[in-house]
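Student: Residue numbers (the numbering used here), protein chains in the order written: chain A, 872 to 1459; chain B, 1338 to 1525. The beta carbon of each residue, even a glycine, is placed where N, CA and C say it ideally should be. No experiment lies behind these values; they were computed from the predicted model shown. Please see the structure below; I have some questions.
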Amino acid sequence: MPPTVDYHCPCLSRSALPPPPHLPSSSFNFHALNELFFCEECDAVRCNRCVSVEVSGYYCPNCLFEVPSASVRAEKNRCARNCFMCPDCRNTLSVVPSDPPDPGDGRMAIPISTIGEPPFFLYCNHCRWDSAEVGITFEKPTGLAAQLQKFEDSAPDSLEFERLKEHFEPVIRASSLSSSTTTAPAAHPSSAAHSHRVRTNSITAAASAALARDIPGVGKHNPLARSGNRAGAGGNKDKTANQDEMPEYRSRVDVTSASKLGSGGGEIDVEYMRHLENVGEVASLEQRWMNSWATPLQAAELKPLRIPLHSKRSKRCPVCAHILIKPEQKAQSVRYKIKLVASNYLPAITAALPHQQDAVGDSSKRTLSKSTAAAAVAAEEERSAAGIHAGKTYPFHLALTNMLYDPIQVRLTVQRVHAPAALPPSSGRASPDKAPTTRRPPFAVSLPSSSFPIAAFAEAWEYEDDEDDDMFGLDDDDEFGIAGRVAGRDKDARGAGKVKMVGVLEKKANVTVVGGEVVIGKEARGNVKFNMLVSYTYRSDDPAPSESNDADGPPSRAAVANKPPEIKTFAFYTVVDLGPIIPREESR
Amino acid sequence: MDAPIYYSKTEFIETDTGNKVSRRATIAGPQNIILGGKTIISSNAIIRGDLRRTGAGHAVVISLGRYCVVGEGCVMRPPYKTYRGNFNYYPMKIGDHVHIGANSVVEAATIGSHVEIGKNCVIGKFTIIKDCARVADNTIVPPNTVIPALALFAGSPGRFVEDLPESTQETVEAQTKRYYTRFQPLDR
Chain A
872 MPPTVDYHCP
882 CLSRSALPPP
892 PHLPSSSFNF
902 HALNELFFCE
912 ECDAVRCNRC
922 VSVEVSGYYC
932 PNCLFEVPSA
942 SVRAEKNRCA
952 RNCFMCPDCR
962 NTLSVVPSDP
972 PDPGDGRMAI
982 PISTIGEPPF
992 FLYCNHCRWD
1002 SAEVGITFEK
1012 PTGLAAQLQK
1022 FEDSAPDSLE
1032 FERLKEHFEP
1042 VIRASSLSSS
1052 TTTAPAAHPS
1062 SAAHSHRVRT
1072 NSITAAASAA
1082 LARDIPGVGK
1092 HNPLARSGNR
1102 AGAGGNKDKT
1112 ANQDEMPEYR
1122 SRVDVTSASK
1132 LGSGGGEIDV
1142 EYMRHLENVG
1152 EVASLEQRWM
1162 NSWATPLQAA
1172 ELKPLRIPLH
1182 SKRSKRCPVC
1192 AHILIKPEQK
1202 AQSVRYKIKL
1212 VASNYLPAIT
1222 AALPHQQDAV
1232 GDSSKRTLSK
1242 STAAAAVAAE
1252 EERSAAGIHA
1262 GKTYPFHLAL
1272 TNMLYDPIQV
1282 RLTVQRVHAP
1292 AALPPSSGRA
1302 SPDKAPTTRR
1312 PPFAVSLPSS
1322 SFPIAAFAEA
1332 WEYEDDEDDD
1342 MFGLDDDDEF
1352 GIAGRVAGRD
1362 KDARGAGKVK
1372 MVGVLEKKAN
1382 VTVVGGEVVI
1392 GKEARGNVKF
1402 NMLVSYTYRS
1412 DDPAPSESND
1422 ADGPPSRAAV
1432 ANKPPEIKTF
1442 AFYTVVDLGP
1452 IIPREESR
Chain B
1338 MDAPIYYSKT
1348 EFIETDTGNK
1358 VSRRATIAGP
1368 QNIILGGKTI
1378 ISSNAIIRGD
1388 LRRTGAGHAV
1398 VISLGRYCVV
1408 GEGCVMRPPY
1418 KTYRGNFNYY
1428 PMKIGDHVHI
1438 GANSVVEAAT
1448 IGSHVEIGKN
1458 CVIGKFTIIK
1468 DCARVADNTI
1478 VPPNTVIPAL
1488 ALFAGSPGRF
1498 VEDLPESTQE
1508 TVEAQTKRYY
1518 TRFQPLDR
């Protein structure tokens, strides 16, 4: 497995320190860079788990029709047109005409109409299910949903739902009325906020009514009650006192006899199970899951389902409510009005093990020139040579790509895993991993400790051709190398034949390749994973984000010209996973 | 940093627009096939440009965009239908930055841009794949499926699994461009 680098998102936790990577649960906090967002206001990384999500539009995944949000509720989040899902395999169904009538004397059938013969039915291309098995046919090939509407409305589950709605509606209306009079005059919020507040206030009203009931003397708290409308407030008290009393609900059909109508449960199912011959006849859980009501137990009776709608989401920062992602109106457009993804701000880091790459490259060259049998043998050898063996030292490369339009200075630090044992952590020593309680990592990583610059991102043709392709170090690169090297290694870097391992290796366009070294202990097992803190500073010519940026347009612009470019620092944690360690076979 | 992917120089024909077509690929009806620049057609791929719809004049049967890669052993066939008693082939239009994995059978009607199709897939007839979608390896996509934008499809029959992250377009674009630069001839 090639080495990976994942980024840490603190997800609003108090400490910014990521968990140590040897814990299996630590992968929860680390994400790939392309999944992360960056909030400019808070200067923080956000991931998909901590952003707040809103729906910006609905569309049907089959016909790609954008459904306005009003119809979404009416159609119960399903497509209202001709999109149906096969109950067996969840594939979309296509409308097919019946075969034209056979003339009877072996001649080819005469097509009567261009669109085919009624009755039409639904057919699944994958599992060859068709709706004639459940008895659903159509007269016209279009407007299927309308044709099915009659059947759906008279189904027992929707009738039951209507009855429930009628039963609860006066109660909801009463509680919403009582809360709406309390919140009425003050500011005039938008209708959405108002309905939202009405909803929460019906909950709070119910809660306060329950409190008033339990604790005598605690009246209903009316912070926004106005002096007018006292009659309404007085009437409120009566209503809230009775709010928890509801008329008892009687379902339309008695539950014990409902099973005959297909709602499941009861004697019917037991009888069916007794005569079961093939397990496949029973509908699986997954097939019955999609319907909101109890679906028939038998697989042969499953009805085609309408395709549920998908939504386009816009995402906001949870702390400052700044919009991070705002998609375009058109359902199938991949562009975004606002797109603050982390890959545009944070440097992209990729890790590679050069010995692995060389092995792969050699094997591919060999397969090109050799015959297949010999190449397969060679490939096996290369694969074992490409792994990370215990007890050896390997250099690794980190390529950092700068996506900002300013050059940055980056500093890498390996996070030390805090050992609960009293033993002092040692950096260069190979540590035996016999006792699982000691948390000393079985490998030691050395990285250049001083900061190195990465050039700004620019279009490809703007780069001058200054490829410092230097394995032997140039003027300023050399000091990074010496400073970063672990003491005790050889000092002759310049042209003495020893390739510099640790330090800046290559600077090309906006990518800098940095070399590090990892020493694997003799008894090491598991993956070589370590946390790395990346901190970078950049000069930003943007003004500091001001709170009132709408009000002062021209004045702030004039102020910007006088402000010096400020140097901002940002730091984030990453976890570098170089791959599994091939343990040394013990010869006993 | 990127490991180059070598190919034998004699195996591929390179055109002036940067397309690299393997000599071992079977291209039928090349006059009906359009390749945008910098497209790679790997060995043993079969592209049926000869299955054109009936009618006079020049017809484009299969068109691919820029930076596309058709994997080894792929079969690309335009979809066909009998409509109103007539049997006809329909043209296949593929966008830019599309990677099709090895041994896949593609009979789709439209494939958008920045799409990644895995290995051993079967894409049924008249499938419409919108931009930035991804079809995982070993997926069987039944005919007449619509794969919405930024969707990940997997399984057999191919089902919607999850939405891809918003930065997929840049990621796939960078990946395909990098692949093209890594695809270098090996001088023997």
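(1) What number of angstroms, rounded off, separates the C-alpha of residue 1491(B) from the C-alpha of residue 1147(A)?
(2) Measuring only between beta-carbons, confirm whether residue 1507(B) sits less than 8 Å from chain A.
(3) Would you call the CB atoms of residue 961(A) and residue 1261(A) closer than 8 Å?
(4) Using the three-state DSSP reduction, which class does residue 1225(A) fall into: helix, strand or coil?
(5) According to DSSP, residue 1169(A) sits in a beta bridge with which residue or residues?
(6) Mapping the DSSP letters down to three states, classify residue 1509(B) as helix, strand or coil.
(7) According to DSSP, is residue 1007(A) part of a helix, a strand, or is it coil?
(8) Rounded to whole angstroms, what's the CA-CA distance from residue 1018(A) to residue 1392(B)? Just pull it up for me.
(9) Using beta-carbon positions only, say whether residue 1265(A) and residue 1224(A) come within less than 8 Å of one another.
(10) Could you check which residue in 1194(A), 1330(A), 1145(A), 932(A) has the C-alpha nearest to that of residue 1499(B)?
(11) Any C-beta of chain B sitting closer than 8 Å to the C-beta of residue 963(A)?
(12) If you draw a straight line from the C-alpha of residue 1477(B) to the C-alpha of residue 1346(B), how long is it?
(13) Output the distance between the C-alpha atoms of residue 1359(B) and residue 1441(B), rounded to the nearest integer angstrom.
(14) Quick one: grab the DSSP three-state call for residue 948(A).
(15) Step through the CB atoms of chain B and report whether any lies within less than 8 Å of the CB of residue 906(A).
(16) Which residues of chain A have a Cβ atom closer than 7 Å to the Cβ of residue 1479(B), listed in chain order?
(17) Are the beta-carbon atoms belonging to residue 935(A) and residue 966(A) less than 8 Å from one another?
(18) When you compare each of 1451(A), 1323(A), 1216(A) to residue 906(A) by their alpha carbons, which one comes out closest?
(19) Beta-carbon within less than 7 Å of residue 1381(B)'s beta-carbon, same chain only, minus the 5 sequence neighbours each way: which residues are those?
(20) Who are the Cβ neighbours of residue 1449(A) in its own chain at under 7 Å, not counting the five residues just before and after it?
(21) Roughly how many whole angstroms lie between the Cα atoms of residue 902(A) and residue 1237(A)?
(22) Please classify residue 900(A) as buried or exposed, where buried requires at least 16 neighbouring CB atoms within 10 angstroms.
(23) Does the stretch 998 to 1015 of chain A come into contact with the stretch 1168 to 1175 of chain A, if we say contact requires no fewer than three beta-carbon pairs (one atom in each stretch) closer than 8 Å?
(24) Any idea if residue 1120(A) is buried or exposed, counting beta-carbon neighbours within 10 angstroms, 16 or more meaning buried?
(25) Looking only at its own chain, which residues have a Cβ that is under 7 Å from the Cβ of residue 1372(B), when we skip the five neighbours before and after it?
(26) For residue 1283(A) versus residue 1382(A), is the C-beta distance shorter than 8 Å?
(27) From 1329(A), 928(A), 1280(A), pick the residue whose C-alpha is nearest to that of residue 1321(A); which is it?
(28) Using 8 Å for Cβ pairs, my map puts residue 1461(B) next to residue 1475(B). What's the rounded Cβ distance?
(29) Hey, residue 1384(B) and residue 1365(B) are a contact pair by Cβ (cut 8 Å); roughly how many whole angstroms apart?
(30) Sort 937(A), 1393(A), 1232(A), 959(A) by Cα distance to residue 1200(A) and report the nearest one.
(31) What residues from chain A crowd round residue 1461(B), counting only those whose CB sits closer than 8 Å?
(32) What do you get for residue 941(A), buried or exposed, if any count of 16 or more other CB atoms within 10 angstroms of its CB means buried?
(33) Since I believe residue 922(A) is in contact with residue 1189(A) (beta carbons under 8 Å), could you give me their beta-carbon distance rounded to a whole number of angstroms?
(34) Pull up the DSSP beta-bridge partners for residue 1413(B), would you.
(35) Taking the C-alpha atoms as reference points, what is the distance between residue 1443(B) and residue 996(A)?
(36) Comparing the CB of residue 1447(B) with every heavy atom of the ligand FAD, is any distance shorter than 7 Å?
Tutor: Reading it off the structure:
(1) C-alpha separation (whole angstroms): 33 Å.
(2) Chain A contact via Cβ: present.
(3) Not closer than 8 Å, so no.
(4) Residue 1225(A): helix per DSSP, three-state reduction.
(5) BP columns for residue 1169(A) point to 1153(A).
(6) In the structure shown, the three-state DSSP call for residue 1509(B) is helix.
(7) Residue state, collapsed to three classes: coil.
(8) Distance between the alpha carbons of residue 1018(A) and residue 1392(B) is about 39 Å.
(9) Result yes, Cβ atoms of residue 1265(A) and residue 1224(A) sit closer than 8 Å.
(10) Just measuring C-alpha positions, the residue of 1194(A), 1330(A), 1145(A), 932(A) sitting nearest residue 1499(B) is 932(A).
(11) By this cut-off, residue 963(A) is an interface position.
(12) Using only the alpha carbons, I get a separation of about 34 Å.
(13) Near 17 Å, if we compare the C-alpha coordinates of residue 1441(B) and residue 1359(B).
(14) Here residue 948(A) sits in coil by DSSP.
(15) True, the Cβ-Cβ gap to chain B drops below 8 Å.
(16) 962, 996, 997, listed in chain order.
(17) No.
(18) Selected option, being the one with the closest Cα: 1216(A).
(19) For residue 1381(B), the CB contacts under 7 Å within the same chain, skipping 5 residues up- and downstream, are 1361, 1362, 1409, 1410 in chain order.
(20) Excluding sequence neighbours, residue 1449(A) sits near 874, 1222, 1224, 1259, 1267, 1389, 1399.
(21) About 36 Å.
(22) With 16 or more neighbouring CB atoms inside 10 Å of its own CB, residue 900(A) falls in the buried class.
(23) Contact holds: three or more Cβ-Cβ distances are below 8 Å.
(24) With fewer than 16 other Cβ atoms from the protein chains shown falling within 10 Å of its own Cβ, residue 1120(A) counts as exposed.
(25) Cβ within range, chain order: 1356, 1401.
(26) Contact: no.
(27) Between residue 1321(A) and the set 1329(A), 928(A), 1280(A), the nearest pair of CA atoms involves 1280(A).
(28) So it is not a contact: roughly 15 Å between Cβ atoms.
(29) Contact holds; Cβ gap of about 7 Å.
(30) Answer by Cα proximity: 937(A).
(31) Chain A residues near residue 1461(B): 996.
(32) Residue 941(A) sits exposed, since fewer than 16 C-beta atoms from the chains shown fall within 10 Å of its C-beta.
(33) Taking a contact as a CB-CB distance under 8 Å, the pair residue 1189(A) and residue 922(A) counts as one, their CB atoms being some 6 Å apart.
(34) Answer is 1384(B), 1443(B), bridged to residue 1413(B).
(35) In a straight line, the C-alpha of residue 1443(B) is about 16 Å away from that of residue 996(A).
(36) Among the components of this structure there are no ligands whatsoever, and the ligand FAD is therefore not found.
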